Amino acid sequence: MRAIVAVDDKWGIGKDGKLLFSVPADMKFFKEKTTGKVVVMGSKTLKSFPGGLPLKNRTNIVFTSGVPAQGCLTVRNLAELFALLKSYDDNDVFIIGGGMFYKTMLPYCSGALVTKIEADGEADVFFENLDRASGWKCVAEGDTVISGGYRMKFTEYENSDVKKF
Ligand SMILES: NC(=O)c1ccc[n+]([C@@H]2O[C@H](COP(=O)([O-])OP(=O)(O)OC[C@H]3O[C@@H](n4cnc5c(N)ncnc54)[C@H](OP(=O)(O)O)[C@@H]3O)[C@@H](O)[C@H]2O)c1
Numbered sequence: 001m002r003a004i005v006a007v008d009d010k011w012g013i014g015k016d017g018k019l020l021f022s023v024p025a026d027m028k029f030f031k032e033k034t035t036g037k038v039v040v041m042g043s044k045t046l047k048s049f050p051g052g053l054p055l056k057n058r059t060n061i062v063f064t065s066g067v068p069a070q071g072c073l074t075v076r077n078l079a080e081l082f083a084l085l086k087s088y089d090d091n092d093v094f095i096i097g098g099g100m101f102y103k104t105m106l107p108y109c110s111g112a113l114v115t116k117i118e119a120d121g122e123a124d125v126f127f128e129n130l131d132r133a134s135g136w137k138c139v140a141e142g143d144t145v146i147s148g149g150y151r152m153k154f155t156e157y158e159n160s161d162v163k164k165f
């Protein structure tokens with residue numbers, strides 16, 4: 001199970017319930033990685049999608065104490081989530097946000113695909129700074145590319161201290 005996230009210079013990920021930037025190359029990357037796979041998210045991230053609808057061509061799992069979301073599998077607590085995740089290949093599961101849900105799930109992730117965007121989006125929601133997180137290390141860093149007017153890099157981190165569920 002891996003997290004997939006786009007961060008700014010300060011590991012910011014969102015503001016006012018929305019993404020910080022619209023970066024076509026990152027959207028393409030996210031789609032390529034997650035299509036046909038399982039995406040798991042907090043309820044606020046689902047609400048941030050167009051029409052609050054699940055992502056197409058993926059199994060969408062939502063963590064919420066609220067009402068079940070249409071077109072998604074809904075889990076209400078971690079025990080329910082972990083039981084459900086046992087039905088999927090671990091390599092096919094992506095934690096896709098947001099801040100609160102990443103924080104809950106990061107210890108259980110074996111890796112993270114981190115798109116680094118060279119900008120300060122003045123975020124109000126942040127991802128953990130993996131360069132300072134114990135057990136995490138950057139194992140791959142792509143070249144700088146430019147998309148949507150932003151300089152960005154695709155990087156990959158691994159967690160050597162994965163918590164079992
Ligand atoms: N840059 C990126 O890659 C990226 C990716 C995804 C999201 N985002 C951004 O992140 C922001 C949303 O993040 P967020 O932190 O506000 O919300 P979130 O994590 O998407 O959702 C929070 C909600 O999910 C449920 N939840 C998640 N973790 C839980 C836990 N440990 N215990 C209990 N309930 C839990 C609760 O739902 P209920 O209240 O329904 O019970 C909680 O209110 C937005 O700005 C979004 O655009 C950025």
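Mapped onto the working numbering, the consecutive letters of the sequence shown carry residue numbers 1 to 165. All C-beta atoms in this analysis are idealised placements derived from N, C-alpha and C, irrespective of residue type, glycine included. Bear in mind that the values here come from a model prediction, so they are computed numbers and not experimental data.
Collapsing the DSSP output to three states places lysine 18 in a strand. Within the model, the alpha-carbon separation for glycine 148 versus valine 162 is close to 35 angstroms. Collapsing the DSSP output to three states places asparagine 129 in coil. As DSSP reads the structure, isoleucine 146 sits in a beta bridge with Arg151. In the structure shown, leucine 53 falls within a coil segment according to DSSP collapsed to helix, strand and coil. According to DSSP, phenylalanine 63 shares a beta bridge with Gly42 and Val75. Distance from the CA of proline 24 to the CA of arginine 151, rounded to the nearest whole angstrom, comes to 12 angstroms.
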